[in-house]
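Notes to accompany the following structure.
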Amino acid sequence: MYKSGLQTIRPIRDGVIADYESTTMMILHYLKQGISKGIFAPKPTLVISVPSNITSVEKRTVIDAAMHGGARDAHVVEESFATAFGASLPVCEPTGSMIVDIGGGPTEVAVSL
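The opening residue of the sequence shown carries number 1 in our numbering; numbering runs sequentially from there.
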């Protein structure tokens, strides 16, 4: 068997942080890729979607990882809300909408009235 010296890591499992240090490094890498370099490079505000069943401690950990990764500010929204917003559904109007998120993890269903 060939050994390359590479190791596969999974910093995020089931939508929550499993390895804080790797997640911080990953966020820092992506921010460096997306922002121009220089003395006056802006620090972005991040909006991060998380599963609806995570705890407040896990939400705080996501925000802390984003801040340590170079974000100026970070906000957490539930995945079902982000899906509805991305699909241009009227999330602030009194109309009924149902979102079913069938992804690689657990299936989430959200109904807004």
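The beta-carbon is built from N, C-alpha and C at its ideal position, and this holds for glycine as well.
Rounded C-alpha distance that separates residue i from residue j
{"i": "Asp99", "j": "Ala18", "result": "Residue identity differs from the one stated: residue 99 is Ile in this sequence, not Asp. Rounded to the nearest angstrom, the two C-alpha atoms are 27 angstroms apart."}
{"i": "Gly15", "j": "Lys3", "result": "30 angstroms"}
{"i": "Ala71", "j": "Thr24", "result": "10 angstroms"}
{"i": "Met26", "j": "Lys43", "result": "16 angstroms"}
{"i": "Pro11", "j": "Ala65", "result": "11 angstroms"}
{"i": "Ile102", "j": "Leu31", "result": "28 angstroms"}
{"i": "Gln7", "j": "Tyr20", "result": "17 angstroms"}
Residues that DSSP places opposite residue i in a beta bridge
{"i": "Ile27", "result": "Per DSSP, none; premise fails for Ile27."}
Cβ-based neighbour list, residue i, same chain, cut-off 7 angstroms, excluding 5 preceding and 5 following
{"i": "Val62", "result": "Ile17, Ile48, Val50 and Val76"}
Sub-8 angstroms separation of residue i and residue j beta-carbons
{"i": "Glu108", "j": "Ser80", "result": "yes"}
{"i": "Glu93", "j": "Ser52", "result": "no"}
{"i": "Ala74", "j": "Leu28", "result": "no"}
Contacting residues, own chain, Cβ-Cβ under 8 angstroms from residue i (five flanking each side not counted)
{"i": "Val91", "result": "Phe81, Ala84, Phe85, Ser97 and Ser112"}
(request) Let me know the beta strand (DSSP E) ranges lying completely inside the region 71-110, each 3 residues or longer, listed in chain order. (result) Listed in chain order, they are 73-78 and 97-101.
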